[in-house]
Structures are given as C-alpha cells and as structure tokens.
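Heads up, the thing below is written out as structure tokens.
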Amino acid sequence: MGQTGSAYHHECLICHWINNGADFRSQVVTPGNEAVNEIGHAGIPKETQSPSGLSRNYQIPDHRRGNESRERQRIGDGVETFTNFGKSRNCCALLVTLRSHKYAAGGAGREPENHLSANRPAHSCQFERSPNKRNISNTVPDQHFSTKNNSMNVLVYNGPGAASDSVKHCLDTLRLLLSPYYAVAPVEPRTLLSQPWQAKTAMVVIPGGADLGVCSTLNGTGNQKIRQFVSAGGKYIGFCSGGYYASARCEFEVGNPNMEVSGARELKFFPGVARGASFKGFEYGTEEGTRPAKLKTHFAVQQPLYNYYNGGAVFLDADKHPNTQILAEYEESVEVECPGPQAAVILCSVGQGKALLTGTHPEYNPTLLEAEPGTDFEKSSKVLKEHDAARLEFMRHCLRSLGLKVNEESTRPALTPLVLISRQKEQLAKLVYDLEHKLGYESENIIDLGKDKIRVHKALDKFQQTDLSDPEMAVKDFYICDAALPKPELTPYFNTHQYLTELEEAYKELGYSSVGELGSIIVYGEVLTSSSSLMMYNTPFMRILPHGFAIVGTVQVAGRGRTGNVWVNPKGVFAMTLFLKMPLTTPVVLLQYLVSMSMVQAVQTYGVGYEKIPIRLKWPNDIYILRPDCLNKTDLDSYTKIGGILVETAVFENNYHIAIGTGLNVFNQGPTTSLNAVISEMNKTFGTKLKPIATEKLTAKYLSILYTMLERFKVEGMEPFMDLYYRQWLHSGQKVTLDHPGSPKAVITGISKEFGLLTAKEVDRYGNFTGNTYELQPDGNAFDMFRGLISKKL
C-alpha cells in the first residue's frame, strides 16, 4: 500500500472540513431530479419482495462457473450490483421506512408483521424494529435528464411499432450529430405515458417500423402529451412510419388487401395525407423494395443526395398548407398518385414547436447496413456509402431547421491506445503478472478480459488510433508503461507525469508520507469506449484488479449513465471509473455520498479562492453549479448539472468489487456548462484571478480526498460526514409537495445516515408540523428539484 502516515494522528484537512466547515456561499434549498432504481432498495428483485416490503426466500439457478450464479441488481439510486449466489443462498431486502400513514409511494400501506427474514445473511444491514409503513414503490429508471433550464434530452420511442434497426440508426446518427448538446436515449412507451418527461426534453422521435403498433400504444393519452409538448415549443421527428403517424391521414398501399393501412391519425402535425409506398416492392421485415432514393432539396446541400428508402410516404399537397415547408422532394417519379410536389421531407410548424416528417430514412448510417454480396441491396448500400457526406449535411440542416444545436463532426472519434501507468513498481508488476498468468494470452499478445480484448504492448513505438466502425468490438491496444511514461505529445489531454506528481502532492497535503492505494495505478485512454464498461463488463479483469485501480478517459464514445443511456462525451469532461474492494458488511449505498462530497471538496480545495466556486450536490449524487450568467443569483433555476456518479458492484469471494464511475464537466463547451467556464466568468465578474482547473490535479485531489474519507468511513460510518454533506447540498429546509392524493406538503430535513434515505416532515396549510415524517428511498420516488415536487415512480 505504500502508506506510512496516518490521517487520524492529527486533524487532517478532511477532519478540519467536517469539524469546522469551510467558507461556503449562501445556499438555496429545494428538492431535485429523478433517481434510478429498477429493483428493491437492497438489490433484491422486486418480484421477491412481499407487499409489506419484506423479501421472500428465493434461489437463483446455477448457470455460471461451479455453484455461482450472477444476478444484475440495483442498490439504491445509481448503485448497481452483480451478486453471486450459491445454490441455496437466501437474501432479504433492505427495509425502507416511511414514517407516515398517508403516503406509501406505491406501497401496499399495510403494517408489516416482521422486519427481517429469520434467515437473514450475515452481511445484511441491521434495522431497528419500527411500526412505520414501508415505501416499496415499483419504479422505472429516469432518462438521465438534466435541469429545468436546459431541455437537453432527445427521446427515441422504442416500443410496439418501432423496428429495432430503425431505433439503432436513430440513436447512432442523432448521437453523432447532437452530442454533447443533447442526451439521446431510447424511451419505453410507459415513460411517455406516465412520467413527467416534457419539461426536460428537447425532442421526441418516432422511428421507422409499422405505425399501427405505435397507434395501439400511444393513441389517446400518449398522443395528447406529445401534441401538447410540441405545441408548447418541443420538437418532433417522424422517420418513415413516424411520418405517416404524424400526418392527419395515413394511406399505405390502399387497395392491396394484404398490405393496406389507412385511416385518420391523432397527432396531425401535417394536416394533409401521407401516401405510400412511394415506390413499389415493399415487404415487411425484408429489404425487398429498398433503394437509394435520390432527393432534390430546397436549400444548398452537396449533390447528389441519396437517402435509404423502404416503404415511406409522399406528403400530398404539402405546398398548400401554410404551416408546412418542403425541405426535399423525390427526384424520381413516385409510383402513387401525387398531384403536387413530390414532398419527401417536410417541416411543420405546430404552435410554438416544430415537427420534421420524412418519407425516407436520412438517419440511416450506410456503414451499419449489412448486405449479402451480389444482391440489389448491396448495390444500394454502396451508393449510399459513396454519398454519405451529403446525407449527414442534409441531416444537420434538418436538425438546425428544428432549432437544435448541432455539432460538425462527421465521424465518431477513433479509439486511442490505453496506457497503464504507476510509480508503484511492485503493484504494477503484480497486475501485469496476473494479466499474463491468471487471464493469459489468447494468441500472440491478445488477452481476453471478458467482454473486451486487449493487444498488449511493452514499448511505445506503435502508438496509434484504432480505426474500426464498431468500437465495442475493436481489440484495444494496451501499453504497459513500466519502464517509461508516455511523452506528453502522445497523451496531449492528460499529462501522465504531471498526474503522478500531483497525486504524491495531494496525499502529502492530507498528512500521508506516501501515496495511498486510490489512484496509484491507472489506465488512461484519450478516446475509449466507456471507463465503466471496460471495468464492469469484464468480469475476469475485475477479479484481478487491485483496490484503488482507476480508468481515466478524455473522450468516451459509449459513455454510460445510471439508466444505461449511452452518449459520446466531448473533450473536457472528467471521466473516471475507480475500483474498490470492500467487505460485504460495507453499506455500499452510502458510497455515492462520499464520492460526490469528495469531488466537490476536490474542486473547492483546489487552491486559494476556489472555495468560492458555487458547486453543490443534488440528492442523492448529482453535481450542480451556478450557470456563468447567474453568478449573482441564488435561486435554484440558476443551477445546472455538471456531473454525476454511477456506482456498480459485483460480489466475488465474499467481497464487494465496486466500480465507481464519475463524470464532471471541467472545460467542455456543452451540453450545459463547465467548471472552467464558471471560473472564467467569476474572474470577469468579481475580479478574481483563478487559473483554469487542470484535470491532472483535480483527479489527484479527488482520489486522495476520497481515500481519506473512506478510511474514516470504515471505522465511524456516515456520522462524521453528515454536516459536510449538508453544507454541500441544495435541499435543507426546502418545502416540497408529495404527488399523492391530497398533495401533502413537507419540509426536507436531511438524509438518514444509515441508508441515505431522504427525510421530510409533513406540514399543514399553516406550516405547522403534523407529526408525520417521511423517509423516501431514491429509487422509489422522482425528485424534481426545480418544481419542488416529489412524485411516485410508476
């Protein structure tokens, strides 16, 4: 471990912060954003919980090595676990206390007979007996939403009527063109039907497929919400069948008894008729009838322009509707009756919003099309690939026409090599030995980590990008830097020598004579898939990792959030996943609080004057900051999200193997703001002379602070950190409304130090406490900070 000093033989900086506080700015309190949980609070699947919140005994069948089986679970908000059970291992759920007889947040509202299963495992958390009700709400994940101020989410419908290939192409192209300004995510119908998604969403997309399935799912309530959303200023895209769906009338293959679909549609963004198929030959579920449709545009774009076509419509008399603008027409004559312009892509004004409807598939990426050699489809794919630059230019224009902010990148960044670095030679040698001998070489210098494969290099002479279309499938080049560190020009966005030097200094500042375990060995990649996925999805690799190992990336092309959303993060986002190995007695649900506190402390102790940076915590684990244009304000609408935490665990050999993913906007330009943008504005507004934050130093400070907090947490639990957490968060004393019959009002009073539950006391209409206290689990309740509303998740 290399540590000889102790942080507890004197009042270290951590203790000083806890005991004496810091110079924090005035705080505004309010409740916050959604939380995530798909199963019980302890990670026990909901189907194993009784109506009172107690777990029933259950067995997981063996399907992996020996007697082990593996179940993916969630623990609290943003905390996932992969738990291995033996053949007859039983588990019980953590109990969530709701001290109220009025608000069960989806629970059965009955008094439980018992609180813990008699055969509770030794590592289960202990609870005192309580007569209180349980919050056992069924939940759905949030959509990685941001703030009320920034409607940054693009929701791609992924339900009945949406073809899986169309969803895939939508996600691929929209992420490419809209990152980092928007988070593009698939969304299930139940979210559109039941969740309050509108305020945090920029656009809804209905991909290609068959619109009858969408009709059967969204007709009525769903369409009403989408229509209201667009009319109020939202955006809509309907690709192919989504174009039929958003027209006043759909006419598809009229007169063909085997194919006809016709009738009125509810959205009516285009007040006319969408008629198709524009070209003959379409067959459901096949590539028959597909073609590269040549388009002529009503604006300047590269020519010729081709789109993938498969059964789409022509929008009749589009030029006669005052709310409709034709963006592109079919250049070839369509094969259905069309008296006016052959409108293939149209833009409709709907109240304050806009809707883009297409008969073609401008979102289809031809590099992802798989065609049998020698087929017509292969020839079509070749044409589309040759003219893909024009397609992307056309898509950018369409998105800008909707009022969206678009990036100018034409391709995803290519993967760069991963470098393994450390100044702890013995620890580095041990990890290399385990890689080579416990995992072993598959062929030549290839090691299979589990999901990913690495190509091992022991010299830096062939340092280059990996140019493959699918980064997830690429073999990652992995350089072991045991003799020398990479030169700065090889890792221009992260100076490895500077990081290791800053790490030594950071531990020294906290009273240690040498570097602690956290951060002493890291892997860095300028462009990688996902730091979390590289660790968590490679089980054999995770099992050999040393405590404190970390993966750091500058750009993630498959970054992951708590709900599984995937995005491309830009340069300037601090992205790290840290590995911890801890005993099963550890209350892992509380780690997210320590991690988020450590990151805020790393920023505010970066140097003299940085304590004034208005960075705060939103329960349970999001990081917010005042926007640069709001530095003189203190209202919650002036805050925006710049970071978040993802905690995942696996259980091996009676220990938690924990991957803690952290993301923080340091110097990127979008999608919200960044630390350095706020610092720059602070210097202009207040005359300060703060230097921009360097990722290397911030990383070192974060890891050393977290190390010190964890060491104390192991001995004293959460109690020593409660005051610090409350000084950093945004919620103390905030009045909120519970979205429940009667709409009870409550005042946020804190979190429970045992399980991190949000506590609130109910008040009457005069502001007097009623005696009811609520303890709300993050996975069971949506927490909208900007509306002052806590609602059940459905």
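Counted the way full-length UniProt numbering counts, the sequence shown spans residues 1 to 794. The beta carbon of each residue, even a glycine, is placed where N, CA and C say it ideally should be. Just so you know, these numbers come straight off a predicted model, no measurement behind them.
Note that the C-beta distance between V666 and V523 is not below 8 Å. With a 10 Å radius around the Cβ and a threshold of 16 neighbouring Cβ atoms, P488 comes out exposed. A check of alpha carbon separations from E283 across E260, F270, I551, T324 identifies E260 as the nearest.
Judged by beta-carbon spacing, V204 lies beyond the 8 Å limit of S278, meaning their Cβ atoms are not closer than that value. Cβ-Cβ distances below 8 Å link E253 to M259, E260, V261, G276, A277, F282 in the same chain, with the five nearest sequence neighbours on each side left out; the list follows chain order. Beta-bridge pairing by DSSP links L776 to L758. Secondary structure note for L664: its beta strand (DSSP E) is the uninterrupted segment 655–665. The criterion of a C-beta distance shorter than 8 Å is not satisfied by T360 and L267.
In chain order, F239, G243, V345 place their CB closer than 6 Å to the CB of T358, counting only its own chain and leaving out the 5 sequence neighbours on each side. The beta carbon of P292 lies closer than 6 Å to those of Y306, S380, V383, L384 in the same chain, with the five residues before and after it left out.
Residues of the same chain with a CB within less than 7 Å of the CB of I326, apart from the 5 flanking positions on each side, are H298, A318, D319, P341, A343, I346 in chain order.
Put simply, of I480, T496, P180, F394 the residue whose alpha carbon is nearest the alpha carbon of A300 is F394. A residue is called buried once 16 or more other Cβ atoms fall within 10 Å of its Cβ, and K697 is buried on that count. Residue state for P186 is assigned as strand, using DSSP reduced to three classes.
Listed in chain order, the non-local C-beta contacts of P692 below 7 Å within the same chain comprise F667, N676, I679, local neighbours out to five positions each way being set aside.
In this structure, D629 keeps its C-beta atom at 8 Å or more from the C-beta atom of K641. Taking I751 as reference, the option from L738, R765, P744, E719 with the minimal CA-CA separation is E719. Judged by DSSP in its simplified three-state form, K451 adopts coil rather than helix or strand.
Counting only unbroken stretches of 4 or more residues, the alpha helix (DSSP H) elements lying wholly within the stretch 667–718 are 675–686, 695–716, in sequence order. Check the Cα spacing between L178 and each of G312, R396, E287, N256: the tightest is with R396. Here the C-alpha atom of G272 lies approximately 30 Å from the C-alpha atom of M152.
Just measuring C-alpha positions, the residue of V406, N654, A483 sitting nearest K425 is A483. When the alpha-carbon of Y236 is set against those of G209, G255, A202, the nearest one is in A202. D452 is classed as buried because its beta carbon has at least 16 other beta carbons within 10 Å across all chains shown. DSSP, read as helix, strand or coil, puts N223 in helix. Distance from the CA of S166 to the CA of G687, rounded to the nearest whole angstrom, comes to 52 Å. F549 carries a coil assignment under DSSP once its states are collapsed to helix, strand and coil. According to the DSSP assignment, K168 belongs to the alpha helix (DSSP H) that extends over 164–178. Taking every protein chain shown into account, the CB of V156 has 16 or more other CB atoms within 10 angstroms, so this residue is buried.
Counting only residues of its own chain and dropping the five nearest sequence neighbours on each side, V214 has a CB closer than 8 Å to the CB of Y157, G159, P160, G161, A162, I206, S241, G242, Y245. DSSP, reduced to helix, strand and coil, places E509 within a helical segment of the structure shown.
Here S422 is bridged, per DSSP, to I521.
For A602, the CB contacts under 8 Å within the same chain, skipping 5 residues up- and downstream, are L698, K701, Y702, I705 in chain order. H437 sits exposed, since fewer than 16 C-beta atoms from the chains shown fall within 10 Å of its C-beta.
Closest option to G311, judged by alpha-carbon separation, among E648, L404, K280, L171: K280.
Nearest to M599 by C-alpha distance, out of S514, T708, H657, is T708.
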